[in-house]
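Heads up, the thing below is written out as structure tokens.
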Amino acid sequence: MGNDNSKNIPMLEVKDLSKTFRINTERNDTIKKTFLNMFRKGESHEFKALDGVSFELNKGDLLGIIGKNGSGKSTLLKVISGIYLPDGGEVISRGRIVPFLELGVGFNPELNARENIYLNGVILGLKRKEVEERFDAIVDFAEIRGFLDTPVKNFSSGMYVRLAFSIAMQVEADLYILDEVLSVGDIGFQEKSIGKLEELLSKGATVIFVSHSMEQITKYCSRVMYLQEGRKVMEGGADEVVARYVEDIHIQNS
């Protein structure tokens with residue numbers, strides 16, 4: 000009988016990823032300039048958002064990613080999710096990815112909450128029957144029972160994001176990508192969201208988790224990667240990597 004090597008194959012392989020954006024540095028401060036620049040190349044420079052980032056994830060891993068704003072965290076998540084294409088390197092995924100990045104991007108603001116639950120659920124890969132089966136759970140988690148017939152354009156930003164989060168949480172995935180989602184909504188909803196994360200972890204879910212809360216990172220993450228200016232500075236145990244990050248912040252601010 001042969002050995003089962005599937006357990007040794009990573010669920011996600013990120014190999015030498017690079018991503019560059021071209022930033023326009025010329026101000027269009029008049030209508031004339033704006034019009035003229037439509038027909039010619041303005042002054043611009045390249046910004047390297049990712050520079051040779053590599054790592055692997057195995058089933059059941061919870062990887063935290065930390066770094067200052069502009070360090071490349073969100074760009075990395077969008078490349079892994081397929082929203083951006085890399086300029087170099089590759090992403091090899093062996094499972095279904097559900098990204099919690101631009102919550103509610105599939106909503107139609109003219110439709111009511113009930114209609115958007117079905118619309119967004121299908122966009123995220125659920126069948127209509129699955130949406131029907133999970134409808135009450137979505138509504139109760141989002142706390143919008145009294146607003147099902149209200150167009151989502153009339154929702155507060157908190158209600159909008161709560162609904163989007165609640166729908167996405169009903170989609171079963173091999174890898175969940177969470178970008179600051181535990182700061183969504185008020186304290187009560189944040190506690191429910193944390194409870195949902197803990198439920199996923201107890202079921203052996205694989206998670207990439209980005210947060211500016213070092214308390215959450217050290218509490219939930221078995222491994223942490225620290226990004227700075229698009230490069231991986233360090234990867235290892237949560238306490239060790241967070242300590243290095245905090246030390247660097249103190250040095251930069253002193």
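Using numbering that gives the first Met the number 0, read the sequence shown as starting at 0 and increasing by one per residue. Don't be surprised by glycine CBs; every beta carbon is placed ideally from N, CA and C.
Looking at L61, M158, G63 and F46, the one whose alpha-carbon comes closest to that of P108 is M158. For Y219, the three-state secondary structure derived from DSSP is helix. For D178, the three-state secondary structure derived from DSSP is strand.
Annotation for D139: the continuous alpha helix (DSSP H) segment containing it runs R127 to A141. DSSP places G103 outside both helix and strand once states are collapsed to three, so it counts as coil. Less than 8 angstroms separates the beta-carbon of F99 from that of V180. Here R21 has S43, H44, E45 and F46 as same chain residues with Cβ atoms under 8 angstroms from its own Cβ, once five neighbours each way along the sequence are excluded.
When the Cα atoms are used, A141 and S253 turn out to be separated by approximately 43 angstroms.
DSSP, read as helix, strand or coil, puts T74 in helix. Excluding its 5 nearest sequence neighbours in each direction, L118 has C-beta neighbours in its own chain below 8 angstroms: G105, F106, N107 and L110, listed in chain order. Contact check for G63 and I216: beta-carbon distance about 4 angstroms, within the 8 angstroms limit, so the pair qualifies.
Under DSSP, Q189 forms no beta bridge with any residue. By the beta-carbon neighbour count (other beta carbons within 10 angstroms, threshold 16), L49 is buried. Take the alpha-carbon of S70 and the one of S80: they are about 18 angstroms apart.
Contact between K195 and M168 holds: their C-beta atoms lie close to 6 angstroms from each other, under 8 angstroms. Secondary-structure assignment with DSSP links M233 through a beta bridge to Y225. Around the C-beta of D60, 16 or more other C-beta atoms lie within 10 Å, and the residue is accordingly described as buried. For G103, same chain residues with a beta-carbon under 6 angstroms away, outside a window of 5 residues either side, are Y159 and A163 in chain order. For S17, the pairing in a beta bridge is given by DSSP as D50 and G87. Taking the Cβ atoms as the reference, L56 lies roughly 4 angstroms from L11, within the contact range of under 8 angstroms. Within the model, the alpha-carbon separation for D135 versus G145 is close to 12 angstroms. Assigned with DSSP and collapsed to three states, V170 falls in coil, not helix or strand. In the DSSP assignment, G63 forms a beta bridge with F208 and V223.
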